[in-house]
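Student:
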Amino acid sequence: MKENKSLNNYNGADLTPLHYNDDTIITTKMLAEVYGTEETNIRTNFNNNKQRFKEGNHYYKLEGAELKAFKANLEGNLKFTSKLILWTKQGCLLLISIFDKPITSECVDVLNKYFNTDEFAIPNQNIRFETMFEKLLKDCLEKNIEYSMKYSTRGTPRERYNYFSEYVTQYKVLGYRLDFYFPNLPLIVEYDEDYHKYQKRKDKKRMNNIKLELFKPIASYYECRPNIKTANEFIQHIRVNKGEEFDAITKILAYINCVV
Numbered sequence: 103m104k105e106n107k108s109l110n111n112y113n114g115a116d117l118t119p120l121h122y123n124d125d126t127i128i129t130t131k132m133l134a135e136v137y138g139t140e141e142t143n144i145r146t147n148f149n150n151n152k153q154r155f156k157e158g159n160h161y162y163k164l165e166g167a168e169l170k171a172f173k174a175n176l177e178g179n180l181k182f183t184s185k186l187i188l189w190t191k192q193g194c195l196l197l198i199s200i201f202d203k204p205i206t207s208e209c210v211d212v213l214n215k216y217f218n219t220d221e222f223a224i225p226n227q228n229i230r231f232e233t234m235f236e237k238l239l240k241d242c243l244e245k246n247i248e249y250s251m252k253y254s255t256r257g258t259p260r261e262r263y264n265y266f267s268e269y270v271t272q273y274k275v276l277g278y279r280l281d282f283y284f285p286n287l288p289l290i291v292e293y294d295e296d297y298h299k300y301q302k303r304k305d306k307k308r309m310n311n312i313k314l315e316l317f318k319p320i321a322s323y324y325e326c327r328p329n330i331k332t333a334n335e336f337i338q339h340i341r342v343n344k345g346e347e348f349d350a351i352t353k354i355l356a357y358i359n360c361v362v
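If you're matching positions, the sequence shown starts at 103 in the working numbering and goes up one per residue.
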């Protein structure tokens with residue numbers, strides 16, 4: 103059995119993989135933190151589909167002397183645990199396939215790096231929804247530009263509208279991915295896959311860190327010190343809920359027109 107170390111940051115990219123029986127494994131607690139759910143949800147999904155899991159392939163169940171030996175090499179608060187489930191890569195893939203809550207791009211990145219693989223991916227349904235929203239967004243941006251060019255009394259050149267309408271998809275910041283980022287506004291747009299409803303407090307902290315990181319070069323340009331309050335005022339964030347796409351696009355267009 104290889105030496106194991108404590109996990110310091112469940113949501114970041116710098117996870118130290120744990121090992122057992124020459125397999126890279128992850129505990130239920132760790133997986134719950136990365137996935138943004140409760141440990142009880144993982145146990146419930148496992149118990150309801152136990153016939154689909156094979157011990158030694160999808161998971162290891164440690165008790166007694168085996169558990170004691172494993173805990174001896176692991177830092178953390180597991181000393182009172184009488185039994186422990188360790189999930190392999192195959193076990194995680196199977197678990198995620200039966201979860202009701204969709205996986206996020208951040209979770210995909212973390213698990214792929216943790217297990218040194220590229221097998222974790224966002225299901226096609228989520229990609230389809232984001233692709234549909236992006237197509238809708240593109241169409242509305244173009245129509246907004248044409249309308250503004252035709253009826254604007256300010257004589258704003260098309261290049262200015264194009265400049266502020268530019269966006270990047272899957273923009274990476276601090277190990278996270280932003281669905282859409284308008285760097286020239288600046289504006290963050292995220293398509294909600296129900297994940298954030300489960301982690302509102304963590305999501306606020308995550309977004310504060312992202313905004314602060316994005317604000318650093320701006321603060322440097324203006325020779326001021328970056329802080330959360332100013333970053334939140336300067337960088338806007340719009341969340342798109344499923345079924346409310348047009349409301350979100352209306353907000354995006356209104357913000358662009360205000361800046362232009």
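For every residue, glycine included, the Cβ atom is placed at its ideal position computed from N, Cα and C. It should be emphasised that the depicted structure is a prediction, and the values quoted were computed from it without experimental measurement.
From E292 to N159, what distance separates their C-alpha atoms?
Tutor: Numbered from its first residue, the sequence shown carries residue 292 at position 190. Numbered from its first residue, the sequence shown carries residue 159 at position 57. One C-alpha to the other measures close to 36 Å.
Student: Does DSSP put Y249 in a helix, in a strand, or in coil?
Tutor: Locating residue 249 in the sequence shown gives position 147, where the first residue counts as 1. In this structure, Y249 counts as helix in the three-state DSSP scheme.
Student: Any chance the segment 131 to 138 sits against the segment 146 to 157, with 3 or more Cβ pairs inside 8 Å?
Tutor: Result no; under three Cβ-Cβ pairs closer than 8 Å.
Student: Could you give the DSSP three-state label for A167: helix, strand or coil?
Tutor: Here residue 167 refers to the residue found at position 65 when the sequence shown is read from its first residue. Looking at A167 - three-state DSSP - the assignment turns out to be helix.
Student: Count the other C-beta atoms from every protein chain shown that fall within 10 angstroms of the C-beta of E157, then say buried if there are 16 or more, exposed otherwise.
Tutor: Taking the sequence shown and counting its residues from 1, the one referred to as residue 157 is at position 55. With fewer than 16 Cβ atoms within 10 Å of its Cβ, E157 is classed as exposed.
Student: Go ahead and pull the three-state DSSP assignment for K104.
Tutor: The residue labelled residue 104 in the question sits at position 2 within the sequence shown. Any answer about K104 is weak, because its pLDDT of 41 lies below 50 and its placement is not dependable; what the coordinates show is given next. Residue state, collapsed to three classes: coil.
Student: Using 10 angstroms around the beta-carbon of S322, count the other beta-carbons present and answer buried if the total reaches 16, otherwise exposed.
Tutor: Counting from one through the sequence shown, the residue named residue 322 turns up at place 220. Result: exposed.
Student: Among T219, I205, P204, D211, which one has its Cα closest to the Cα of T422?
Tutor: The first residue shown for the chain is 103 and the last is 362, placing residue 422 beyond what the model contains.
Student: Measure the CB-CB distance between F282 and V362 and report whether it falls below 7 Å.
Tutor: One-based indexing of the sequence shown puts residue 282 at position 180. One-based indexing of the sequence shown puts residue 362 at position 260. No. Outside cutoff.
Student: Relative to the C-alpha of L197, which candidate in N359, P119, T130, L287 has its C-alpha closest?
Tutor: Walking along the sequence shown from the start, residue 197 turns up at place 95. Closest by alpha carbon: T130.
Student: Measure the CB-CB distance between E268 and N286 and report whether it falls below 7 Å.
Tutor: By one-based count along the sequence shown, residue 268 stands at place 166. By one-based count along the sequence shown, residue 286 stands at place 184. It is a contact, given that the beta carbons lie within the stated cut-off.
Student: Write down every uninterrupted run of the beta strand (DSSP E) in the segment 174 to 204 whose length is 3 residues or greater and which is fully enclosed by it, in chain order.
Tutor: List check, beta strand (DSSP E) in window: 185 to 189.
Student: Quick check on this structure: which residue in L176, M234, I205, T233 has the alpha carbon closest to the alpha carbon of I224?
Tutor: On the sequence shown, residue 224 is found 122 positions in, with the first residue counted as 1. Measuring from the Cα of I224, the nearest candidate turns out to be I205.
Student: Can you list, in chain order, the residues of its chain with a C-beta nearer than 7 Å to that of E325? Leave out the 5 residues immediately preceding and following it.
Tutor: As a working note, residue 325 is residue 223 in the sequence shown. Here the set comprises nothing.
Student: Whole angstroms is fine: what's the gap from E248's alpha carbon to D241's?
Tutor: By 1-based counting over the sequence shown, the position of residue 248 is 146. By 1-based counting over the sequence shown, the position of residue 241 is 139. Going by the C-alpha atoms only, they are around 11 Å apart.
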